[in-house]
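Worksheet: one structure, shown below.
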Amino acid sequence: MKKNYLIGYDISDEKRLKKVAKIVSRFGSRIQYSFYHCFISNTQKIRMKALLQKEIKEDEDQVILLPITVNQLKEMEFMGFKINLQNEGIIII
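If you number the sequence shown the way UniProt numbering does, the last residue is 93 and the count never jumps.
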């Protein structure tokens, strides 16, 4: 079963930052510069974490995976321009 995640990261090195962005982009959609929405299965989450673990330095970098429900996605508030988040045919505006 797939779940929604908000994924954010703070990577201290530009080279690692680009690699992390590329990995997370394979699994989800960019909301902001280092903030993504992913609708992924547990298998995909495990794969993404394994790929990220190879790239980050635990004493310098941070990646956060925050599980979020569809109802929480619907309640998400934006200031400034809005984006569309898609989840199995549901468009959240």
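Note that CB positions come from ideal geometry on N, CA and C, so glycine has one too.
Whole-Å CB distance - residue i paired with residue j, under 8 Å assumed
i: SER12; j: GLU60; result: 4 Å
i: MET48; j: PHE27; result: 5 Å
Buried versus exposed, by CB contacts within 10 Å (16 or more), residue i
i: ILE46; result: exposed
Neighbourhood of residue i by C-beta, 7 Å cutoff - its chain only, sequence neighbours within 5 removed
i: ILE68; result: ASN4, TYR5, LEU6
i: LEU52; result: VAL20, ILE23, VAL63
i: ARG25; result: It is Ser, not Arg, that sits at residue 25 in the sequence shown. Nothing listed; no residue qualifies.
i: GLY8; result: SER34, PHE35, ILE64
Cutoff 8 Å; reference residue i; Cβ partners in own chain excluding five residues on either side
i: ILE40; result: LYS2, LYS3, TYR5, PHE27, GLY28, MET48
Selection from the options that minimises the alpha carbon distance to residue i
i: ASN42; options: TYR33, ARG30, LEU65; result: LEU65
i: MET79; options: LEU17, GLN32, SER25; result: GLN32
i: LEU17; options: VAL70, ILE56, MET76, LYS74; result: ILE56
Same chain, Cβ closer than 6 Å to residue i, five either side skipped, listed in chain order
i: ASP10; result: GLN62
Residues that DSSP places opposite residue i in a beta bridge
i: LEU65; result: ILE7
i: GLY28; result: CYS38
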